[in-house]
Each structure stands twice: as C-alpha cells, then as structure tokens.
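All remarks here apply to the structure that follows.
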Amino acid sequence: MDSLTQIVLGAAIGEAVLGKKVGNKAMLYGAIAGTIPDLDSFAPLFTDTLTAIEIHRGFSHSILFSILFAPIFGWLISKIEKKADVHWKDWSWLMFWGLITHPLLDAHTTWGTQLFWPLDLRLAYKNIFVIDPLYTLPFLIFLILAFRAKKGSLQRRKYNNLGLIISSIYMICTIGLKAYTYFKFESALEEQDISYNQIQTRPSPFNTIMWSANVEVEDAYLLADYSILDTKPIEFKRIPKNHDLVNDFKDEKDLNRIIAISQGWYTIAKRDETLYFNDLRFGAYNINAADPKFVFSYKLKGKAGELKVEEVPRDPENAKKVFSNLATRVFGN
Numbered sequence: 006m007d008s009l010t011q012i013v014l015g016a017a018i019g020e021a022v023l024g025k026k027v028g029n030k031a032m033l034y035g036a037i038a039g040t041i042p043d044l045d046s047f048a049p050l051f052t053d054t055l056t057a058i059e060i061h062r063g064f065s066h067s068i069l070f071s072i073l074f075a076p077i078f079g080w081l082i083s084k085i086e087k088k089a090d091v092h093w094k095d096w097s098w099l100m101f102w103g104l105i106t107h108p109l110l111d112a113h114t115t116w117g118t119q120l121f122w123p124l125d126l127r128l129a130y131k132n133i134f135v136i137d138p139l140y141t142l143p144f145l146i147f148l149i150l151a152f153r154a155k156k157g158s159l160q161r162r163k164y165n166n167l168g169l170i171i172s173s174i175y176m177i178c179t180i181g182l183k184a185y186t187y188f189k190f191e192s193a194l195e196e197q198d199i200s201y202n203q204i205q206t207r208p209s210p211f212n213t214i215m216w217s218a219n220v221e222v223e224d225a226y227l228l229a230d231y232s233i234l235d236t237k238p239i240e241f242k243r244i245p246k247n248h249d250l251v252n253d254f255k256d257e258k259d260l261n262r263i264i265a266i267s268q269g270w271y272t273i274a275k276r277d278e279t280l281y282f283n284d285l286r287f288g289a290y291n292i293n294a295a296d297p298k299f300v301f302s303y304k305l306k307g308k309a310g311e312l313k314v315e316e317v318p319r320d321p322e323n324a325k326k327v328f329s330n331l332a333t334r335v336f337g338n
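Residue numbers for the sequence shown follow the working numbering, beginning at 6 and rising by one.
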C-alpha cells in the first residue's frame, strides 16, 4: 500500500499497543515502524533494475525481519524515551506489530509480499489497489480524532478502534467483491465457450467497483475489465504471447529472472526491431488499443549472450488518459 496508508495503520497499531501509557508517542513510533519496511524502495539507488525489483517487498517485509529488528528498535527507543518509564520489551512489542502489519496489508495488493522470506513464496491476494481512498481516508479521520483526544481516555480508544474496525470491514468487503467479480469473469468465459488454463483478477486503480482479468489460453492472454455497474456482456481482448520471439535468449539469466518476477504472466512485443517484455499483472494503459502498452514493461537490449533488461519509464500522458477513462468506465458500460 502507499506510504500514507502504512503510516496511518502503523500509528493506529502503536496507539492500540501502547497509547494508554505514552499517548501520541505511541502513534509516532507506530508510524515509524509502519514506514521502515518500505526503505527497500531505495534499492534502485544502489543496484540494478532487476535486483531492486527482487529486493522490493522481500526481507524487510518478512516475519523474520519483524522478529529480528523489533527488539533492536525497541531497545533504541527505550534509550531515547527514558522519561517515559516504559520497559524496552513494551517498545519492542509496539515495533513488532507496527512492522508486521505492514507486509500483512501489502499481501492484499497485486504485487504482494514475501512474508515467509527466505522461502520463495510471494503472497498476493490482489483484492485492493495500492492506493484506495475508501480504505485510507476513514481510517485517517478516526486516527486524527484519536490523536486529539486525551491520553488514556475511553473516547481516544473508541476512535482508534473504530478506525481499525472500519478499515478491516472494508478489506473484508474487497475480498467479497473479488470473489463476486471472479465469478462474473468465469461465467463470461463459459458463456463464450472459451477454454483457458488460468485466470487472475485484480481491482482497477483507486476503487473496488471495477475489476480487471488476465486469462491465459493456449498461445495468448485475454484481457478484460468489469464494473459491478455494467449492463453489457464482458468483452475479452486477445494479446498474443509471442514467447517465441525470445527463443534466442532462453538461456539468458536476466530473461529468466524477469520471467520469474512476472510469475509467468508476460507477453513479448516487437516495435521498430526492439523487443519489449510486458508484465501483465499490473495492466495496460488501454487494453483496447491495437498494440497495448503496459504499465510495467521492459526493453530487451543486445544480442544472445549480452542481453540487458531496461525498464521502460512510465508515461504520464497515458496515465492521465487512464484516470480520465476510469472516471467514466467505473460507472458501467
């Protein structure tokens, strides 16, 4: 999830764990704990693109990280906050829950998280977009109300608990919406007599009303979107896999790394004699375009034995069009 959401969650957890004893300082250190795992976002400053992607939401988002570093951070805080008269174990408990709830929340997004690192297992439930105002804003409002209430008061605890409860209920609702829309995509495939190998669904940006699907068939992927307000049948856009275009690079380490990162959900496009690796999990700017461009795309440069993978920069203009179209599309077709 986005940084603001993780800060809000961390602060609320801090208040729930230690707010009665230390007041707003519990929110402060909870917010810090909720931010720490995302320090791996700075990896691109020190390493190559693929390594940075592999590191992101890895060790720092694991149970192991929380267990190892919570007591260290707890001990440091106890030295800083000597006047608080709080044992370092209590600070450690606050930090543990602030750290661990971060990846637990991230696991609900499309990218997911390696909660059980070093095991090669990424949890990604894909039931909420990385930025969802309906999750964050009510949560933030109740946190602010709790912040303004008297330390240790019943009202303060009530506001903080309401934020946690309402955000959790919304998260449960998104799981229900995912199940409902998944059934809609499955039904559409059956009605159109389409045989497929597997299907993935995810919410569209900033909401859980419209959902997208990637469907794997024999030599292509079918892409589609569906709003729960739709009245017309679901239409599927066919995108050829074109995996044969990278046969010359099948033994290249970097190609296999990017395939592993995409979890096998990728197509290859060729434009002006240049090959592009498209990660399907995060969607295209416009699936109805003749040659759709994808949000996460990588240029394959060089020849066999010298392959280099270069991430294609995001296109701000295309992103603006996506948001503009989304504002209309979300209300149905």
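Virtual Cβ for every residue (Gly too), placed ideally from N, Cα, C.
Just so you know, these numbers come straight off a predicted model, no measurement behind them.
Where does residue i sit, in a helix, a strand or coil, going by DSSP?
i, result
"A309", "coil"
"V327", "helix"
"T236", "coil"
"M6", "coil"
"Q119", "coil"
"K131", "coil"
"I292", "coil"
"T179", "helix"
"Q197", "coil"
"V13", "helix"
"K258", "helix"
"F51", "coil"
"T114", "coil"
"E278", "coil"
"N338", "coil"
"D125", "coil"
"P143", "helix"
"T63", "Reading the sequence as shown, one finds Gly at residue 63 and not Thr. Three-state DSSP puts G63 in coil, outside helix and strand."
"D90", "coil"
"K189", "helix"
"D45", "helix"
"G79", "helix"
"K84", "helix"
Taking the DSSP output, what are the residues bridged to residue i?
i, result
"P153", "Looking at the sequence provided, one finds Arg at residue 153 rather than Pro. According to DSSP, R153 bridges with nothing at all."
"E316", "Y303"
"T272", "N283"
"P208", "W216"
"P108", "In the DSSP output, where bridge partners are listed per residue, P108 has none listed."
"D230", "S217"
"Q203", "E221"
"R243", "L227"
For residue i, which residues of its own chain have a beta-carbon under 6 Å away from its beta-carbon, when the five flanking residues on both sides are left out?
i, result
"R262", "L55"
"A36", "I12, G15, A16"
"L336", "Here residue 336 turns out to be Phe, not Leu, going by the sequence shown. L234, listed in sequence order."
"I58", "I266"
"G39", "Q11, I12, L14, G15, G103, H107"
"A289", "P297, F299"
"K183", "N132"
"S302", "Y281, N283, V317"
"M100", "A38, A75, F78, G79"
"I105", "S71"
"V222", "Y201"
"I180", "N132"
Quick one: what's got a C-beta closer than 8 Å to residue i's C-beta in the same chain, skipping five residues either side?
i, result
"D7", "V135, I136, T141"
"A229", "F190, A193, S217, A218, V220, I239, E240, F241, K242, I292"
"P143", "G168, I171, S172, Y175"
"G28", "K156, G157"
"A154", "Q160, R161, Y164"
"S97", "A75, P76, F78, G79, W80"
"Q268", "R127, R286"
Which same chain residues end up closer than 7 Å to residue i when comparing Cβ atoms and leaving out the 5 residues on each side of it in sequence?
i, result
"K304", "T279, Y281, E315, V317"
"L139", "Y175"
"L260", "V251, F254, L312"
If you count every other CB in all the chains shown that lies within 10 Å of the CB of residue i, and 16 or more means buried, which is it?
i, result
"T118", "buried"
"F70", "buried"
"I199", "exposed"
"A151", "buried"
"I41", "buried"
"K325", "exposed"
"G63", "buried"
"I214", "buried"
"S65", "buried"
"I18", "buried"
"N330", "exposed"
Subject >> contact_flag[the segment 309–316, the segment 245–262] where n(CB pairs < 8 Å) is 3 or more >> reply: yes
Original post:
Three or more beta-carbon pairs under 8 Å between the segment 104–116 and the segment 127–137, yes or no?
Top reply: yes
Original post:
If you pair each beta-carbon of the segment 272–285 with each one of the segment 243–252, do three or more pairs fall below 8 Å?
Top reply: A contact exists between the segment 272–285 and the segment 243–252.
Original post:
Is the number of C-beta pairs between the segment 43–59 and the segment 204–222 that are closer than 8 Å three or more?
Top reply: no
**OP:** Spell out a yes or no on whether the segment 83–100 and the segment 21–34 are touching, meaning 3 or more CB-CB pairs, one atom from each, closer than 8 Å.
**Re:** yes
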